[in-house]
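Trainee:
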Amino acid sequence: MTVTAPAPRPTRRRSLVDRLPRRLRNAVGPVVFLIPMLVVFGLFSWWPIVRSFIMSVQQTNLVTPAEFVGLDNFRAVLEDPLLGTAVQNTLWFAVLALVIGYPVPLALAVIMSDVRRARGLYALLAYLPVVIPPAVAVLLWKFFYDAEPTGVFNTILGWVGLGPVPWLEDPSWAMPALVMEATWAAAGGTVIIYLAALVTVRPELYDAAEVDGAGIWAKVWHVTLPQVRGIMLITLILQIIGTAQVFLEPYLFTDGGPDNATLTVLLLVYKYAFQNTTGGDYGKATALSLMLAAALAVLSLIYFRVTRRWSD
Amino acid sequence: MSTITQPTPDVQPVPATPAEMPTPGRRRSRADRGESRGITSVFERRRPTTRLLRTLVNGGLLVLLVVVALGPILWLAKSAVTPTQDTLRNPMGLWPNGLDWENLRTAWVDIDLKLYFWNTVVIAAGSWATQMVVAVTGGYTLSILRPWGSNVLYALVLATMFVPTVVLLVPLYLTVLDMPFTHTNLVNSFWGAFLPAGASAFNVALVKRFFDNLPREIIDAARVDGCNDFRLFWSIVLPMSRPILGVVSVFAVLAAWKDFIWPLVVLPDPAKQPLSVRLPRLANVTELDVMLAALLISCTLPIAFFLVFQRLFLRGGLEGAVKG
Numbered sequence: 066m067t068v069t070a071p072a073p074r075p076t077r078r079r080s081l082v083d084r085l086p087r088r089l090r091n092a093v094g095p096v097v098f099l100i101p102m103l104v105v106f107g108l109f110s111w112w113p114i115v116r117s118f119i120m121s122v123q124q125t126n127l128v129t130p131a132e133f134v135g136l137d138n139f140r141a142v143l144e145d146p147l148l149g150t151a152v153q154n155t156l157w158f159a160v161l162a163l164v165i166g167y168p169v170p171l172a173l174a175v176i177m178s179d180v181r182r183a184r185g186l187y188a189l190l191a192y193l194p195v196v197i198p199p200a201v202a203v204l205l206w207k208f209f210y211d212a213e214p215t216g217v218f219n220t221i222l223g224w225v226g227l228g229p230v231p232w233l234e235d236p237s238w239a240m241p242a243l244v245m246e247a248t249w250a251a252a253g254g255t256v257i258i259y260l261a262a263l264v265t266v267r268p269e270l271y272d273a274a275e276v277d278g279a280g281i282w283a284k285v286w287h288v289t290l291p292q293v294r295g296i297m298l299i300t301l302i303l304q305i306i307g308t309a310q311v312f313l314e315p316y317l318f319t320d321g322g323p324d325n326a327t328l329t330v331l332l333l334v335y336k337y338a339f340q341n342t343t344g345g346d347y348g349k350a351t352a353l354s355l356m357l358a359a360a361l362a363v364l365s366l367i368y369f370r371v372t373r374r375w376s377d
Numbered sequence: 142m143s144t145i146t147q148p149t150p151d152v153q154p155v156p157a158t159p160a161e162m163p164t165p166g167r168r169r170s171r172a173d174r175g176e177s178r179g180i181t182s183v184f185e186r187r188r189p190t191t192r193l194l195r196t197l198v199n200g201g202l203l204v205l206l207v208v209v210a211l212g213p214i215l216w217l218a219k220s221a222v223t224p225t226q227d228t229l230r231n232p233m234g235l236w237p238n239g240l241d242w243e244n245l246r247t248a249w250v251d252i253d254l255k256l257y258f259w260n261t262v263v264i265a266a267g268s269w270a271t272q273m274v275v276a277v278t279g280g281y282t283l284s285i286l287r288p289w290g291s292n293v294l295y296a297l298v299l300a301t302m303f304v305p306t307v308v309l310l311v312p313l314y315l316t317v318l319d320m321p322f323t324h325t326n327l328v329n330s331f332w333g334a335f336l337p338a339g340a341s342a343f344n345v346a347l348v349k350r351f352f353d354n355l356p357r358e359i360i361d362a363a364r365v366d367g368c369n370d371f372r373l374f375w376s377i378v379l380p381m382s383r384p385i386l387g388v389v390s391v392f393a394v395l396a397a398w399k400d401f402i403w404p405l406v407v408l409p410d411p412a413k414q415p416l417s418v419r420l421p422r423l424a425n426v427t428e429l430d431v432m433l434a435a436l437l438i439s440c441t442l443p444i445a446f447f448l449v450f451q452r453l454f455l456r457g458g459l460e461g462a463v464k465g
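So the protein sequences, as listed, match chains A and B.
Just so we're aligned, residue 66 is where the first sequence starts under our numbering, counting upward by one.
Just so we're aligned, residue 142 is where the second sequence starts under our numbering, counting upward by one.
1) So residue 204 of chain A packs on residue 436 of chain B, CB below 8 Å; how close in whole Å?
2) Would you tell me roughly how many angstroms separate the C-alpha atoms of residue 169 of chain B and residue 208 of chain B, rounded to the nearest one?
3) Output, in sequence order along the chain, the residues in the region 387-412 of chain B whose CB is closer than 8 Å to any CB in chain A.
4) From residue 152 of chain A to residue 407 of chain B, what does the alpha carbon distance come to, in whole angstroms?
5) Label residue 269 of chain A either buried or exposed according to how many other C-beta atoms from any shown protein chain fall within 10 Å of its C-beta, with 16 as the threshold for buried.
6) Would you say residue 162 of chain B faces chain A, with C-beta separation under 9 Å as the test?
7) Smallest Cα separation from residue 308 of chain A: which of A/158, A/322, A/219?
8) How would you call residue 341 of chain A, buried or exposed, if buried means at least 16 neighbouring beta carbons within 10 angstroms?
9) Quick one: residues in its chain with C-beta nearer than 6 Å to the C-beta of residue 180 of chain B, no 5 flanking neighbours on either side, listed in chain order?
10) Within its chain, find whatever has a CB closer than 6 Å to the CB of residue 274 of chain A; leave out the 5 residues flanking it on each side and keep chain order.
11) My guess is that residue 315 of chain B and residue 347 of chain A are in contact by the Cβ rule of under 8 Å, so how many angstroms apart are they, rounded?
12) Suppose you measure from the CA of residue 180 of chain A to the CA of residue 455 of chain B; what does that come to, to the nearest Å?
13) Could you tell me which of A/184, A/303, A/141, A/323 sits nearest to residue 370 of chain A, measuring between CA atoms?
14) What separation, rounded to the nearest whole angstrom, lies between the Cα atoms of residue 89 of chain A and residue 260 of chain A?
15) Could you give the first and the last residue of the continuous alpha helix (DSSP H) run that contains residue 190 of chain A?
16) Can residue 284 of chain B and residue 335 of chain B be called in contact, C-beta distance under 9 Å?
17) Going along chain B, which residues have a C-beta under 9 Å from residue 234 of chain A?
18) Please list the partners that residue 193 of chain A has in chain B, where partner means a Cβ-to-Cβ separation under 8 Å.
19) For residue 279 of chain B, go through chain A and note every residue whose CB falls closer than 9 Å to its CB, in chain order.
20) In its own chain, which residues sit with a C-beta less than 8 Å from the C-beta of residue 273 of chain B, not counting the 5 before and 5 after it?
21) Any idea what DSSP makes of residue 269 of chain A, helix, strand or coil?
22) Ignore the nearest five residues each way along the sequence and tell me which others in residue 252 of chain B's own chain have a CB closer than 8 Å to its CB.
23) At least one CB of chain A closer than 9 Å to the CB of residue 345 of chain B: is that the case?
24) Residues in the region 350-373 of chain B with C-beta within 9 Å of chain A's C-beta atoms, listed in sequence order?
25) Which residues share a DSSP beta bridge with residue 124 of chain A?
26) Would you check if the region 315-329 of chain B and the region 100-116 of chain A touch, i.e. whether three or more CB-CB distances between them fall below 8 Å?
27) Which of helix, strand or coil does DSSP assign to residue 394 of chain B?
28) Below 9 Å between beta carbons: does that hold for residue 239 of chain A and residue 322 of chain A?
Take a look at the structure:
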């Protein structure tokens, strides 16, 4: 075996960037790396935000040039008799979602946090509905909600001597039906959030409670729940923000019906812009969007204050 | 838009050194996870009444989850291969009177589900790529390059979190209809469907926070060795950020698959529409058994995706990512 001299280290080819003058070289990186973010946020976020303010005071029909109309759009929206219905329905949806949907994930997570074996299986099952595309879930549930006695849910109710319930065809049943599906679809995500908080509750707290003679209920009430109070507030605000924007369920289940019983604010925005027989009323749609956004911004502000306080 | 927003995947900030990165197969012991006890103590679990109660509650919860969460999907799987009359007459029957595997083929071929399926795949892929590029390059600039004014820029990005995307529906639609500067119309184009997904402040914040926690010594060392911004990005930062890229990817793909309202608005042409948008229209004109087969096909991929990447979705709940 012949001993060869170590091959000379290949001199690293200087890249194009390295050959630039120093000042330029320092600038080229940030500029290039900023382009995707600036372009995408600029075109699809910042500009539409600015534009929604402009459009809300304009009459736009895409054919004739936009015309400044002051606060007419806002006035037209506020005078629309459907607005009251939409706001009421959205609030009703939010209230029902709180009553039906808010306690469910918390209860599930508290029980699951004490499961010793196969907790992963519980979490997997609980999260499964979250990954089902909402449109698929709604179409499936729409079939379940068949108002005939042979409908899936009415068959089940029949087993225990109840029903049949008219579900989506009845103005007072339609909204609860929507909320039940929405809860089914979303609860799993909240369960995981709670579970994350619950498994970090310090064991010493339970030990201490036991020394004081606390039973299981007392521990849940005086240790577990106070420990996740912050997360409970966060999920509450997130849920309200989410329910204020509800669109898919009323659009696909009932298209706002029966008799406008499920017409929500965002559905009204959509109808102003895209389902208007006289052409899209984009001014009115953006005016209503802005009013919704203002309401949501207050909630988001609270949310950020709360999360910041808890993450410190 | 679902009622409750996606759970925020709080990604474990980076391990201190690359060597400490958690290997996929490695499981931490129960004690590591602070799981030596739950609400009930070892002593309580040994008491016969408590033991019985716990078995009932835990078992009951498992049954409930199987029936309520898995049940509808199992029902869908059964009914997708059941003749329509059978499903209508006896929807809760456990065994169909004859299987109709043909439904799946009819749905895939005859009602053209394959077209909408591939549309969904294209939109999801584009949405993933856009979100990835924007989040990673943006996070890298804001966290590591930090040019002049990057604090203001970051604030502007975060500010968009206050504006829910659905509220921007109409102005965004009009923007895409006639793009600034170029005056191109992206309505009915896949670009219009997936590019706006890139403007996710949440992704940028997630990636930036991850980069903030990367070990500075490695970056400084690379700088001393003469690494320019591009090389630092490609050879040092990217290889260290696999965990966060995985999280962003998984949530981006699933969100794109689930998205409804934006594709509904931006893709009026049925030949371009994804499954979510097309299925409700098909439901009015398709026989029930074929429709149910179409629904089953539409949720197979997300379910498979979830089962493969379940650790990313459930990690927070199982290991406790939210530290008190």
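Don't be surprised by glycine CBs; every beta carbon is placed ideally from N, CA and C.
Mentor: With the given structure in hand:
1) The pair is a contact, with the Cβ atoms about 6 Å apart (cut-off 8 Å).
2) In this predicted model, residue 169 of chain B has a pLDDT of only 47, less than 50, meaning its place in the structure is not dependable enough to derive any value.
3) Within the region 387-412 of chain B, the qualifying residues are 395, 398, 399, 401, 402, 406.
4) Cα-Cα distance, rounded: 26 Å.
5) Classification of residue 269 of chain A: exposed, given that the 10 Å Cβ count is below 16.
6) The predicted position of residue 162 of chain B is uncertain, since its pLDDT is 43 and thus under 50; a value taken from the coordinates is nonetheless stated next. Residue 162 of chain B has a beta carbon lying at 9 Å or more from every beta carbon in chain A.
7) It is A/158.
8) Exposed, since its Cβ has fewer than 16 Cβ neighbours within 10 Å.
9) Correct list: empty, nothing qualifies.
10) Excluding sequence neighbours, residue 274 of chain A sits near 284, 288.
11) The beta carbons of residue 315 of chain B and residue 347 of chain A sit about 6 Å from each other, so the pair counts as a contact at 8 Å.
12) Rounded to the nearest angstrom, the two C-alpha atoms are 15 Å apart.
13) The alpha carbon of residue 370 of chain A has as its nearest neighbour, out of A/184, A/303, A/141, A/323, the alpha carbon of A/303.
14) Each residue's Cα considered, the two are about 51 Å apart.
15) The continuous alpha helix (DSSP H) containing residue 190 of chain A extends over residues 184-196.
16) Cβ atoms of residue 284 of chain B and residue 335 of chain B: not closer than 9 Å.
17) By Cβ distance, chain B contributes nothing, its closest Cβ being about 17 Å from residue 234 of chain A, past 9 Å.
18) Result: 210, 211, 214, 444, 447.
19) Annotation: Cβ neighbours of residue 279 of chain B in chain A (cutoff 9 Å, chain order): 98, 99, 101, 102, 103, 105, 106.
20) Answer for residue 273 of chain B: 386, 389, 390, 393, listed in chain order.
21) For residue 269 of chain A, the three-state secondary structure derived from DSSP is helix.
22) Same-chain partners within the cutoff: 423, 427, 431, 435.
23) Yes, residue 345 of chain B counts as interfacial toward chain A.
24) Taking 9 Å as the Cβ-Cβ cut-off against chain A, the residues of the region 350-373 of chain B that qualify are 367, 369, 370, 371, 372, 373.
25) Partner(s): A/132.
26) Touching, per the Cβ criterion.
27) When DSSP states are grouped into helix, strand and coil, residue 394 of chain B belongs to the helix group.
28) Yes, the Cβ-Cβ distance between residue 239 of chain A and residue 322 of chain A is below 9 Å.
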